[in-house]
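Asker: For what it's worth, my numbering labels the leading residue of the sequence shown as -8, then goes sequentially.
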Amino acid sequence: MNNSLIRIDPFERLAEVSDWFDRMFGPLPTPRTGRAGMSALPIDVFETEGKLVIKAAVPGIAPEDLNVSIEDRVLTIRGETKTGELAESARVYRREYSYGAFSRSLVLPEGVDVSQVDAEFDKGFVYVSMPLAQEPEPKTRKIVVRNKS
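#1: Identify whether Val83 lies in helix, strand or coil by the three-state DSSP scheme.
#2: Taking 7 Å as the threshold (C-beta atoms), are Pro122 and Lys73 in contact?
#3: Among Ser80, Glu55, Glu76 and Leu97, which has the Cα closest to the Cα of Tyr88?
#4: By DSSP, does Val105 sit in helix, in strand, or in coil?
#5: According to DSSP, is Val49 helix, strand or coil?
#6: Looking only at its chain, what residues have a beta carbon closer than 6 Å to the beta carbon of Leu97, apart from the 5 residues adjacent to it on each side?
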């Protein structure tokens, strides 16, 4: 008889049900925004070539309409999407894009140099990158003991 323990995450099933509802009926209004859709920018955070990179999806936003700032190791990306202009005679059957102000904040990990931050815009994404701080010299150094003879 196998008595191995299986770790069960009770919230995993709940997340699956939530995803299923989103696929079937679309996202529900969130308490934070009061409207359907993402309440925060989707982001990827990764490390490459000695840098930490935050990639945020900002479709339909011009680079000059983005505000990227760092305060106390907190990176914030802000902007606003304008309502899509439609002709007065247009008949809207479905409108899924959210319009209005958005903001996403992220606490940066220790070990990044926040004094050298760079931001680039490319094809609907903003890439915020900063170099990883150099590893400090170890405080303990091994000294080889030589024989006097």
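Cβ coordinates follow ideal geometry from the N, Cα and C atoms, glycine included.
Answerer: Looking at the coordinates:
#1: coil
#2: no
#3: Glu76
#4: coil
#5: coil
#6: Leu66
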